[in-house]
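Residue numbers (the numbering used here), protein chains in the order written: chain A, 2 to 353; chain B, 947 to 1423; chain C, 19 to 99. Even glycine gets a Cβ: it sits at the ideal position worked out from N, Cα and C. This structure is a prediction, so every number in the text was calculated from the model and none was measured. Here is the structure we will look at.
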Amino acid sequence: MARKLMKGNYAAVYGAVLAGCEAYYGYPITPASEIAEAAAELFPKLGRTFLQAECETASINMVYGAAGCGKRVMTASSGPGISLKQEGLSYCAGSALPCVVVDVMRGGPGLGNIGPEQADYNQVVKGGGHGNYRVIVLAPNSCQEMCDLTMLAFELADKYRNPAFVLTDGVIGQMMESVEIPEPVASLPDKSSWAVKGDADTKNLINSIYLAHDELEAWNNRLLEKYRAIERDEVRFEEYRMEDAEYAVIGYGCISRVLRTVVDDAREKGVKIGLFRPISLFPFPKSAIASLPSRGIRKVLTVELSTGQLVDDVNLALGGRLISDFYGRVGGNVPSASEILGRISQLYGVKI
Amino acid sequence: MKGAVLRKPGGFNDIYKHKPGADKDRTHYCPGCGHGILHKLIAEALEDLEITDRTIVISPVGCSVFAYYYFNTGNLQVPHGRAPAVATSVSRANPGSVVISYQGDGDLAAIGGNHILQAANRGENITVFFVNNAIYGMTGGQMAPTTLEGMKTTTTPYGRNPATDGYPMKVAEMLNSLYAPTFIARTSLHDIANIRKTRAAVRKALQYNMEKKGFSIVEVLSMCPSNWKLGAVESQNWIRDHMLEVYPLGTLRDRGAEVAPRVRPRPELDPARVRETLGLGEGSGVKLERPKETPVYPNPSVRIAGFGGQGVLSAGVVLANLGLEYGYNVSWLPSYGPEMRGGTANCSVKIQDGTIGDTEATKPHVLIALNRPSMEKFEPIVASGGTLIYNSTLIDVTPSRKDIRVLAVPITGLADELGNTKVQSMVAAGAFAAATGLFALDDIIRLLPSLYSGEAIVKLNEKAVKAGFDFVRGIKS
Amino acid sequence: MDGPRKYPFCEIDQEECKGCGLCVNACPAKVLEISSHLNSRGFHPSSYKGSGCLGCGTCFYSCPEPGAITVYLKDYVPEGV
Chain A
2 MARKLMKGNY
12 AAVYGAVLAG
22 CEAYYGYPIT
32 PASEIAEAAA
42 ELFPKLGRTF
52 LQAECETASI
62 NMVYGAAGCG
72 KRVMTASSGP
82 GISLKQEGLS
92 YCAGSALPCV
102 VVDVMRGGPG
112 LGNIGPEQAD
122 YNQVVKGGGH
132 GNYRVIVLAP
142 NSCQEMCDLT
152 MLAFELADKY
162 RNPAFVLTDG
172 VIGQMMESVE
182 IPEPVASLPD
192 KSSWAVKGDA
202 DTKNLINSIY
212 LAHDELEAWN
222 NRLLEKYRAI
232 ERDEVRFEEY
242 RMEDAEYAVI
252 GYGCISRVLR
262 TVVDDAREKG
272 VKIGLFRPIS
282 LFPFPKSAIA
292 SLPSRGIRKV
302 LTVELSTGQL
312 VDDVNLALGG
322 RLISDFYGRV
332 GGNVPSASEI
342 LGRISQLYGV
352 KI
Chain B
947 MKGAVLRKPG
957 GFNDIYKHKP
967 GADKDRTHYC
977 PGCGHGILHK
987 LIAEALEDLE
997 ITDRTIVISP
1007 VGCSVFAYYY
1017 FNTGNLQVPH
1027 GRAPAVATSV
1037 SRANPGSVVI
1047 SYQGDGDLAA
1057 IGGNHILQAA
1067 NRGENITVFF
1077 VNNAIYGMTG
1087 GQMAPTTLEG
1097 MKTTTTPYGR
1107 NPATDGYPMK
1117 VAEMLNSLYA
1127 PTFIARTSLH
1137 DIANIRKTRA
1147 AVRKALQYNM
1157 EKKGFSIVEV
1167 LSMCPSNWKL
1177 GAVESQNWIR
1187 DHMLEVYPLG
1197 TLRDRGAEVA
1207 PRVRPRPELD
1217 PARVRETLGL
1227 GEGSGVKLER
1237 PKETPVYPNP
1247 SVRIAGFGGQ
1257 GVLSAGVVLA
1267 NLGLEYGYNV
1277 SWLPSYGPEM
1287 RGGTANCSVK
1297 IQDGTIGDTE
1307 ATKPHVLIAL
1317 NRPSMEKFEP
1327 IVASGGTLIY
1337 NSTLIDVTPS
1347 RKDIRVLAVP
1357 ITGLADELGN
1367 TKVQSMVAAG
1377 AFAAATGLFA
1387 LDDIIRLLPS
1397 LYSGEAIVKL
1407 NEKAVKAGFD
1417 FVRGIKS
Chain C
19 MDGPRKYPFC
29 EIDQEECKGC
39 GLCVNACPAK
49 VLEISSHLNS
59 RGFHPSSYKG
69 SGCLGCGTCF
79 YSCPEPGAIT
89 VYLKDYVPEG
99 V
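Structural data, given as structure tokens:
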């Protein structure tokens, strides 16, 4: 298997190419632009489409069109761009169109800055656009996972006919790591039963409008059933040194890398602490987090690059059995391991 | 005997199965609405040109939101104004199909104004049928960009006032200012002669679409009796008496004869070709044997810092690449963004056998400081027992830490002696290799051709690496 | 049908027609009229007076309803003849 040193953003495009993504439609924005640039370099070499759209809105609607034609298709952006894409995403979800969106989160609100943040959590994980819908959300914490989870995002998007996000941040997008390049997919799913291919056999209809109230309610209920199935079958998370842990730190994406170091450093000082890392944010690993107290966890600290978004879901999952403590930094600041260790020491009175 | 009877054209569905309720054999349009006439002209053309089976119609938001009820084609209903964007990707996904974007004036000229301009400017191989009835129909008679001056609508109850509401937007003329479009025409439905002209324009636009000749649009002046609050015939007369003056009819552009058909490539999905294109499969990752000598730091974390433009980030990339070639797990974390374009820049590199946690070198074993602010900022965080390599050409103070090894290397000076300060990064890489024993000099030199192109550049970098390496080895001995 | 039809002629689907009157206004031979009866949707449909059709198709192309008007042209040969 080939190993390459590459940026997280680049690895996501490798994942897309390997997954058989036929088209990329995007608009430049820091810190996601390398995704468009890598797609512009690689896609035409394989006769696939790269198009720099006139705006974020156009790009997500181009995704809607290509997905409606049954093609694997991707776009990428960052906070302000994702806000603009929400209309199209609601349509993709409402029309049950599989597509992949990479969000390389930056600082907000407004123009904010281009430093890393995880403040798009709510707008991505909770829907973001209008209507009752969910998108599948995968949160890589390495360049390797940028590649692997992008491939998985395509697979899950097709499996459930639903948009799938790769929710990452400026750190993961911009850093380089060694990546083991997986094998390209050998075949793509047949979508003739619903896709529009411009032939006599697939005179299908892609739409999200249901005038009759009962019809729209029934459609919403079908979507809900799908989301329940996703919640049942697609939960992904990782635990590190949790076996005998009394304390758990919870974080995803780049912060989970810092937390891994936090756990190692604290363990060296004899603190029984472990890391719980959600990999899928929708579906959220609710029951795994709910079971933490019964597994001997006495304290939970959620750390994220926001003023508190993931922590709400952690607390919903904990259901009052424990209340998670919280530590967040924003504005492009990433807390160091020693900063977090200091917080743990202060909160729980442990010597680190 | 098709020519001997004029009946519901084959481009239409027999029964409108997607239409809710019992009325599945009648349109949802109001009596006298122009949409139905244009639908009929399109459906007839689809049948006559024998393209019904390979046509895809994009239905917009507006009264024609339900165009998909009627056309016996592939159909996508799309968000308000976005039809040209969707049509763009649909036509690229299915290059063999005929893609129609059917839009009203609010959809095309207001909320989707940029999309139509850009799709036209790209010369997308799509046909746009643009219904201009100077008003919003579906939402109940509000002002459109094409509403006439003085015209009363529900949102211009005192008449459209150009001073506050702007002027009627001339879409065909606007698009005609672009180079790419192939065919631009404005027609009208206000009498049979003009309906027949519209029929001809529809056919021509679709003909060019079939021939892959790029972007075609027909703007059609059309009746909206309900919102104009006029009868059907009065509405036709209103077009004649009021709209024609503002929106002159005719073919504004016909470049069909000179435009070459646009051929789209076929997407390549064969795994072998994909592997080849991505440069995979040329052996395993580990290409170099690690040096015999035990490195000073077995799993080093490194911080490199300096001015933007000093090669700080690329020095880190070189170290990470070397680590990769030796079979380590490596990470490279840059400061990114505007910092790269002028101010200070720094990067963290980790080279480890195990899993890398935090990728930021918060307690680096090695700090390479290329300027004074960087040294002052990062000297305090160097791990005890670590190494500080500082650029003695530019840094005129001595580091104060006593618990670390300090190596003064004139990095900029050594590069300058080679005639190019751009190779500071390679001088630094050489100094790092010598200071840590992690990389062999020969291995770095062997790797250079894969990092740089051009023999002279490779040679220059080789000299730079050697200069840095030899200088540090000179200090050590 | 009362005896053999004389071509050309036009047929107006009394249920599909919405009675907008565009065909009546456009017909050069003035052989169409708005009926006095209501159809099931409450429209007074247009109808053919029974003779004088020129087979020009003006009504067909003026009509916004896809299948409301069918025009049998001069050279139309009915099936089975």
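Residue i versus residue j: straight-line alpha-carbon distance, rounded
| i | j | result |
| --- | --- | --- |
| Met1286/B | Tyr15/A | In this prediction, Met1286/B scores a pLDDT of 48, lower than 50, which makes its location untrustworthy; the coordinate-derived value is nonetheless stated afterwards. For Met1286/B and Tyr15/A, the distance between alpha carbons rounds to 25 Å. |
| Met177/A | Gly1254/B | 19 Å |
| Glu226/A | Arg1028/B | 30 Å |
| Gly1332/B | Cys93/A | 53 Å |
| Asn1267/B | Val1276/B | 8 Å |
| Leu47/A | Lys72/A | 15 Å |
| Pro1284/B | Pro82/C | Any reading at Pro1284/B needs caution, since the residue's pLDDT is 49, under 50, leaving its predicted position unreliable; the model's value is listed next. Whole-angstrom Cα-Cα distance: 59 Å. |
| Ala77/A | Tyr134/A | 20 Å |
| Gly1229/B | Lys1323/B | Here the model assigns Gly1229/B a pLDDT of 49, short of 50, so the residue's position is not dependable and the matter cannot be decided. |
| Leu1406/B | Gln119/A | 43 Å |
| Gly1414/B | Ile1390/B | 12 Å |
| Ile182/A | Ala1206/B | 41 Å |
| Gly343/A | Lys1309/B | 16 Å |
| Leu952/B | Arg1219/B | 53 Å |
| Gly1303/B | Leu217/A | 47 Å |
| Ile341/A | Ser34/A | 31 Å |
| Leu72/C | Gly130/A | 57 Å |
| Gln145/A | Val172/A | 14 Å |
| Arg1212/B | Val1044/B | 17 Å |
| Asn1060/B | Val1117/B | 12 Å |
| Cys77/C | Ile983/B | 11 Å |
CB of residue i within 7 Å of CB of residue j, strictly
| i | j | result |
| --- | --- | --- |
| Thr31/A | Ile115/A | yes |
| Thr1339/B | Gly1359/B | yes |
| Ala17/A | Met75/A | yes |
| Leu97/A | Gly254/A | Correcting the residue identity first, residue 97/A is Ala in this sequence and not Leu. Contact flag unset, no. |
| Ser1168/B | Trp1174/B | no |
| Val1074/B | Ser1047/B | yes |
| Ala13/A | Ile36/A | yes |
Residues sharing a beta bridge with residue i, DSSP
| i | result |
| --- | --- |
| Ile1062/B | Partner(s): none; Ile1062/B has no beta bridge. |
| Asn1275/B | Gln1298/B |
| Gly1252/B | Ala1291/B |
| Lys160/A | Paired residue(s): none; Lys160/A is not in a bridge. |
| Cys22/A | Note: Cys22/A sits in no beta bridge, so no partner. |
| Met177/A | Lys8/A, Trp1278/B |
| Ala54/A | The partner list for Ala54/A (beta bridge, DSSP) is empty, contrary to what the question assumes. |
| Asn114/A | Gly108/A |
Spatially closest choice to residue i from the options, by CA coordinates
| i | options | result |
| --- | --- | --- |
| Phe327/A | Lys300/A, Glu38/A, Asn334/A, Ala338/A | Lys300/A |
| Val1011/B | Cys979/B, Arg1219/B, Met1084/B, Leu952/B | Met1084/B |
| Gln1370/B | Asn1317/B, Asn1078/B, Ala1386/B | Asn1317/B |
| Leu112/A | Val126/A, Leu206/A, Gly82/A, Val102/A | Gly82/A |
| Val103/A | Phe44/A, Met152/A, Thr203/A | Met152/A |
| Tyr241/A | Ala267/A, Gly275/A, His214/A | Gly275/A |
| Asn1018/B | Val1024/B, Val1036/B, Ala991/B | Ala991/B |
| Arg1201/B | Phe1161/B, Leu1224/B, Leu1176/B | Phe1161/B |
| Val64/A | Lys86/A, Gly21/A, Tyr122/A | Lys86/A |
| Leu1094/B | Thr1110/B, Ile1081/B, Thr1100/B | Ile1081/B |
| Arg1236/B | Lys1409/B, Asp1299/B, Ala1139/B | Asp1299/B |
| Val1411/B | Phe958/B, Ala1379/B, Leu1022/B | Ala1379/B |
| Asp1053/B | Thr1144/B, Met1089/B, Leu1265/B | Met1089/B |
| Tyr1016/B | Gly980/B, Asp971/B, Phe958/B | Phe958/B |
Where residue i meets chain D, residues with beta-carbon distance less than 9 Å
| i | result |
| --- | --- |
| Arg1145/B | Absence of chain D from the displayed structure is noted, the protein chains being A, B and C. |
Contact test: residue i Cβ vs the ligand GDP heavy atom, cutoff 6 Å
| i | result |
| --- | --- |
| Ala86/C | Summarising the ligand content, the structure contains no ligands, and the ligand GDP is consequently not present. |
Curious, which full-length beta strand (DSSP E) runs of at least 3 residues does the stretch 977-1014 of chain B contain? 1001-1005
Threshold first: 3 residues or longer. Then list the beta strand (DSSP E) segments lying entirely within the stretch 1155-1213 of chain B, N to C. 1162-1167, 1196-1200
Whole alpha helix (DSSP H) elements within the stretch 68-99 of chain C, 4-residue minimum: 76-80
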